[in-house]
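Here is the structure we will look at, set down as C-alpha cells.
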Amino acid sequence: MLNTLIRKLSGHEPSKVTAKKRLQFALVCDKLEVNDETLNCLQNDIVEVISKYFEIDQTSLELKVKRDDDTSALVFNTPILCVRRRSRV
Amino acid sequence: MEGRIIVVTSGKGGVGKTTATASIGAALALEGKRVAVIDMDIGLRNLDVVLGLENRIVFNIVDVVNGRCNLRQAAIRDRRIENLFLVPASQSDNKDVLTTAGVDRAAKQLRKEFDYVIMDSPAGIERGFENSVTAADEAIVVCTPDVSSIRDADRVIGLLYSRSITPRLVVNRIIPEMVAKGDMLSHEDVMEVLSIDLAGLVPMDEQVVIATNTGMPLVLQNDSKAGQAFRRIARRLNGEPDLPVEVPSVKGGMWNRFTQKLGLK
Ligand SMILES: Nc1ncnc2c1ncn2[C@@H]1O[C@H](COP(=O)(O)OP(=O)(O)OP(=O)(O)O)[C@@H](O)[C@H]1O
Ligand SMILES: [Mg+2]
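Line order of the protein sequences matches chains A and B. By the count of our numbering, the first sequence reaches residue 1015 at its end, each step adding exactly one. By the count of our numbering, the second sequence reaches residue 267 at its end, each step adding exactly one.
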C-alpha cells in the first residue's frame, strides 16, 4: 500500500494505464492494415475507372498505404500518357 | 423449439475457453436445460478431461459429422449432472477433416436434440475456428486482462461481426488485488477498449485447477468463486439477461475496501 501511495504521489502512472494506451494504439493500427489481395483488387478497380478517362502507363503504377505516426493515407501514382477524348452521351 | 448454438472462442490460446464451455454447459444443465458441449479442438481434445469423462469415449464429433455413428451414440451422458452431454473431439485427426458444410449438417440435428449446444473452439482463426462458428447463433469471447489476449479478442470480435454475430465477453482470470493496485486492466478498461457487452467476469481461482485435477465440474464446487461466476453467466444466457454482473473484489474488511476505493491498494 505504501508503494502505491508513493507511486501516486510521485506521479508514476500505474502499469495498466500504459497497457490501455498501448492496446488502443495497437488496435487502431491493426485495423488500418490492408492485405495484398485487397490492395491488388483495389488497384485493378482504380485502373479500370481511370482508363475510361486517361490512357495510363500500366507498367509504372504504384498503389500503397503510407503511414505516419498518426495518419494513414492511400497513395496512388500513375503517369498519364494522354487524355481520352470522349464523345458526350 | 429449436436449440441455441453458442460458440466459445478467443483467438489466443489458454485463456479459458474449455473451462468456460464445461462450466457454462454444466451450469445450464443444472438450470434444467438439455445441454450438449462439443469439443471442436480436433486433435487436441481436452473438454473430456476437464469434465472427467475421458474414460467413456467411444465415438467423437468427426464420426458424427462423417456419418460413422449417430449423435446418440457419440454423446456421453454425464452421470453427476442430469441432462449434460459431451460430444468429444477426435484425437487422431487434424482440424482439416471437418468442413463447415458437414458441421452445419450435424448442427441441424443437435438443435433438435438439445436446448443448448456449446461449441468449444480451438485457439486461432483458421479452419478450426471456422468450423466452430459456422453454425453458431451466438458467441462468447473469452479473454484475460492482458494486452495480447485483448488484442486477439478484438480480431475475433471483428470476424464474428462480419458473420452478423454480436458476441458477448467473458473476462477470465481477474486478480482483484492487481486491479486494485492499477497493475491489471479492469473490466471497464477491457470493455471500453473492445466496445463490447459483458457476459460475465471470472476471478482467478485455485478451485479451477483442483476441479481440473479431479475431473469434478467446477460449478459443483460450492465454495468456488469462479464456479459461481460461471453459474451467473449461464443464468444470464438463459432468460435472465439483466442479472447484475458481479465484479470480483478483494476479500477483507472495511479498511481494505476503503483503501481500495481510494485506489491505494
Ligand atoms: N479462472 C481461472 N482461474 C485459475 N485457472 C484458470 C482459470 N481459467 C482457466 N484456468 C486454467 O488455465 C488453463 C487454460 O485453460 P483452458 O484450457 O480452459 O483454456 P483454453 O482457452 O481452452 O486453451 P486452448 O486454447 O489451449 O484450448 C488451464 O490450466 C485452466 O485450469
Ligand atoms: Mg481449450
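Cβ atoms here follow ideal geometry from the backbone N, Cα and C, with glycine treated the same way. Quick caveat, the model's predicted, so the values are computed rather than measured.
In terms of Cβ geometry, ILE59/B and PRO90/B form a close pair [threshold 7 Å].
Closest in C-alpha terms to GLU56/B, from the list ASP80/B, ASN68/B, ALA137/B, VAL66/B, comes ASP80/B.
Residue pairing of CYS145/B in beta bridges, as defined by DSSP: VAL173/B. With respect to chain A, the C-beta atom of VAL158/B has no partner C-beta closer than 7 Å. Those residues of the region 170–189 of chain B placed with their C-beta closer than 7 Å to a C-beta in chain A are LYS183, GLY184, ASP185, MET186, LEU187, ordered along the chain. Nearest in C-alpha terms to ASN240/B, of all of GLY16/B, GLY27/B, ASP50/B, THR21/B, is GLY27/B. Taking 9 Å as the Cβ-Cβ cut-off, the region 931–956 of chain A approaches chain B at LEU931, ARG933, LYS934, GLU939, PRO940, SER941, LYS942, VAL943, ALA945, LYS946, ARG948, LEU949, GLN950, ALA952, LEU953, ASP956, given in chain order. With fewer than three CB-CB distances shorter than 8 Å, the region 46–54 of chain B does not count as touching the region 993–1013 of chain A. A straight-line Cα-Cα distance of about 29 Å links ASP50/B and VAL247/B.
Against chain A, the CB of ILE83/B has no partner CB under 7 Å away; the residue lies outside that interface.
Pairing LEU88/B with VAL39/B gives a Cβ-Cβ distance under 7 Å. Looking at the backbone, the Cα of ARG70/B and that of GLN111/B are separated by about 15 Å.
Between LEU161/B and PRO169/B, the C-beta spacing is not below 7 Å.
Annotation: VAL973/A to LEU196/B spans about 37 Å, alpha carbon to alpha carbon.
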